[in-house]
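See structure below.
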Amino acid sequence: AQSVAQPEDQVNVAEGNPLTVKCTYSVSGNPYLFWYVQYPNRGLQFLLKYITGDNLVKGSYGFEAEFNKSQTSFHVKKPSALVGDSALYFCAVGDMGGGFKPIFGAGTRLFVKA
Amino acid sequence: DAGVIQSPRHEVTEMGQEVTLRCKPISGHNSLFWYRQTMMRGLELLIYFNNNVPIDDSGMPEDRFSAKMPNASFSTLKIQPSEPRDSAVYFCASSRGQGVNQPQHFGDGTRLSIL
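Sequence order for the protein chains is A and B.
Read in the numbering used here, the first sequence has 33 at position 33, and its numbers run on one by one without any break.
Position in the second sequence (first residue = 1) + 114 = the numbering used here.
Here you go:
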């Protein structure tokens with residue numbers, strides 16, 4: 001069975017500092033991995049995805065994530081955080097053997113302090 | 115391009131009433147998902163359609179909940195009768211293909227309050 005874990009409920013970082021939001025996963029086949037961001041009173045917005053190819057993927061708003069197969073992780077990072085990055089971040093994983101739907105993590109709230 | 119459109123954005127109704135939530139997916143998308151989000155339970159997948167056919171409804175909480183997709187450009191989620199514990203934000207999302215390896219595009223949700 002496929003699963004995804006976001007071990008931190010909240011991440012706090014100062015503006016201008018690098019940020020990392022963690023995600024680990026478990027699938028039976030090759031994973032399809034996604035990050036989404038949710039701002040208040042809005043739906044989730046797609047940030048980036050890993051399907052195949054380079055382990056480092058770049059996404060919207062300066063975010064990037066590294067696929068690490070040995071550690072089954074897909075952490076999202078940004079070199080310099082902005083106050084406007086404060087939001088709820090969701091990791092999602094799917095694989096064709098797990099049915100035709102991705103599984104979402106519980107979400108991590110990112111708080112960037114000015 | 116227009117995104118996923120949900121209506122209404124807010125709904126307040128009394129317990130026992132029928133509630134119908136509506137969704138217009140992005141044109142050309144084959145997969146449609148209905149989610150429910152609450153503080154206590156997070157984001158829950160209720161049902162998933164592919165090419166207008168329900169594929170997985172294992173997340174639908176009770177028989178009071180039903181969903182339809184009569185055509186590629188419209189879906190409804192109905193609750194009858196509604197209960198206070200149904201209060202949540204309900205999201206609709208659509209994606210290309212079969213959904214597992216394509217990003218989902220979410221609407222801005224319907225905030226439902228059952229009194």
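A virtual CB, placed ideally from N, CA and C, is assigned to each residue, including glycine.
As the structure is a computational prediction, the values presented were derived from the model and not from experiment.
The beta strand (DSSP E) enclosing residue i, as first and last residue numbers
i: residue 212 of chain B; result: Premise fails: residue 212 of chain B is in no beta strand (DSSP E) and is neither H nor E.
i: residue 101 of chain A; result: Where residue 101 of chain A is concerned, there is no enclosing beta strand (DSSP E), given that its DSSP letter is neither H nor E.
i: residue 183 of chain B; result: 179-185
i: residue 168 of chain B; result: 167-170
i: residue 158 of chain B; result: 156-164
i: residue 5 of chain A; result: 3-5
i: residue 93 of chain B; result: Residue 93 of chain B cannot be examined here, being either before or after the span of chain B that is shown, 115 to 229.
i: residue 119 of chain B; result: 119-121
i: residue 143 of chain B; result: Note, residue 143 of chain B: premise wrong, no beta strand (DSSP E); not H, not E.
i: residue 111 of chain A; result: 108-113
i: residue 34 of chain A; result: 32-38
i: residue 52 of chain A; result: It is not in any beta strand (DSSP E) - residue 52 of chain A carries neither H nor E in the DSSP assignment.
i: residue 65 of chain A; result: 64-68
i: residue 23 of chain A; result: Residue 23 of chain A -> no beta strand (DSSP E), and no H or E assigned at all.
i: residue 12 of chain A; result: 10-14
i: residue 92 of chain A; result: 87-94
Member of the options whose CA lies at the smallest distance from the CA of residue i
i: residue 196 of chain B; options: B:131, B:118 and B:156; result: B:131
i: residue 123 of chain B; options: B:229, B:222 and B:228; result: B:222
i: residue 4 of chain A; options: A:37, A:88, A:58 and A:27; result: A:27
i: residue 135 of chain B; options: B:170, B:200 and B:215; result: B:200
i: residue 202 of chain B; options: B:178, B:188, B:137 and B:157; result: B:157
i: residue 50 of chain A; options: A:35, A:44 and A:60; result: A:35
i: residue 1 of chain A; options: A:113, A:111, A:101 and A:107; result: A:101
i: residue 124 of chain A; options: A:29, A:77 and A:40; result: What is shown of chain A runs 1 to 114, which leaves residue 124 of chain A out entirely.
i: residue 79 of chain A; options: A:57, A:9, A:103 and A:17; result: A:17
i: residue 120 of chain B; options: B:128, B:129, B:146 and B:142; result: B:146
Interface flag, residue i vs chain B, CB-CB below 8 Å
i: residue 104 of chain A; result: yes
Residue i: CB within 7 Å of a non-hydrogen atom of the ligand GTP
i: residue 201 of chain B; result: By its list of ligands, the structure shown contains no ligand whatsoever, and the ligand GTP lies outside what it can speak to.
Buried versus exposed call for residue i [16 or more other C-beta atoms within 10 Å across all chains shown]
i: residue 161 of chain B; result: buried
i: residue 54 of chain A; result: exposed
i: residue 67 of chain A; result: buried
i: residue 116 of chain B; result: exposed
i: residue 48 of chain A; result: buried
i: residue 229 of chain B; result: exposed
i: residue 37 of chain A; result: buried
i: residue 211 of chain B; result: exposed
i: residue 126 of chain B; result: exposed
i: residue 94 of chain A; result: buried
8 Å Cβ cutoff, residue i in contact with chain A
i: residue 219 of chain B; result: yes
i: residue 223 of chain B; result: yes
i: residue 144 of chain B; result: no
i: residue 214 of chain B; result: yes
Residue i at chain C interface by Cβ criterion, 8 Å
i: residue 101 of chain A; result: No chain C appears in the structure shown, which is made up of the protein chains A and B.
Going along the chain, which residues of the region 68-95 of chain A sit with their C-beta nearer than 9 Å to a C-beta in chain B? 90, 92, 94 and 95
Counting only Cβ-Cβ distances shorter than 8 Å, please list the residues of the region 41-67 of chain A near chain B, keeping chain order. 41, 42, 43, 44, 45, 46, 49 and 51
Chain B contacts made by the region 15-38 of chain A, where a contact means CB separation under 7 Å: 32 and 34
Which of the residues in the region 146-180 of chain B, read from start to end, lie with their CB under 8 Å from any CB of chain A? 147, 156, 157, 159, 162, 164, 169 and 170
In the region 177-202 of chain B, which residues sit with their C-beta less than 8 Å from some C-beta in chain A, listed in chain order? none
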